[in-house]
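Quick note on numbering: our numbering labels position 96 of the sequence shown as 100, and the sequence is numbered without any gaps. The beta-carbon is built from N, C-alpha and C at its ideal position, and this holds for glycine as well. Please read all numbers here as calculations on a predicted model, not as lab measurements.
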Amino acid sequence: MEENSGSGIGLIITAIVYIAIIGVFLVSLWKIFEKAGKPGWAGIIPIYNLYVLMEIIGRPGWWLILFFIPCVGIVISIITAIDLAKSFGKTAGYAVLFIFAVGYPILAFSDAKYVGPAAKSA
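Here it is in structure tokens:
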């Protein structure tokens, strides 16, 4: 019997690309957290990174729970993206880049400075 080695190679390539994207995202979170004066390692710890993110943007820690409520989590994610953009001196329109995940590396590796929690100034 003949094996279909093409699908195996495709799976390996897909896994490598997926791991690379996750790596870029985690490094980006690390750098963003450091820019905001938080420990970089906090960006790579699941769930805890959301709690620290709430501190960075000025939202209460209990908002973490809202991420896990269906439909509400989507709204909270959008609000969080807008607050994160504003916390680094960007416009609310910049938050669209976070939705497509390209905003995180752009913010991390640009000269953007943390200007303080956006939600506290509102």
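Report the residue ranges of all alpha helix (DSSP H) runs contained in full by the region 48-89; include only those spanning at least 4 residues, in chain order.
Listed in chain order, the complete alpha helix (DSSP H) runs (minimum 4 residues) inside the region 48-89 are 52-61 and 67-70.
Does DSSP classify Phe104 as helix, strand or coil?
In the structure shown, Phe104 sits in coil (DSSP, three-state: anything other than H, G, I, E or B).
Quick one: residues in its chain with C-beta nearer than 7 Å to the C-beta of Ile61, no 5 flanking neighbours on either side, listed in chain order?
Within the same chain, Ile61 has close Cβ partners Thr84, Asp87, Leu88, Ser91, Pro121, Ala122 and Ala123.
Quick one: residues in its chain with C-beta nearer than 6 Å to the C-beta of Lys35, no 5 flanking neighbours on either side, listed in chain order?
Result list for Lys35: Ala112, in chain order.
Quick check: the region 62-79 against the region 96-105, are at least 3 beta-carbon pairs closer than 8 Å?
Flag = no, the region 96-105 and the region 62-79 do not touch.
State the DSSP-derived secondary structure class of Pro121, mapped to helix, strand or coil.
If DSSP states are grouped into helix, strand and coil, Pro121 belongs with coil.
Reducing DSSP to helix, strand and coil, say where Ser114 ends up.
DSSP places Ser114 in coil when its eight states are reduced to three.
Assign Tyr22 to one of two classes, buried (16 or more other C-beta atoms within 10 Å of its C-beta) or exposed (fewer than that).
Classification of Tyr22: exposed, given that the 10 Å Cβ count is below 16.
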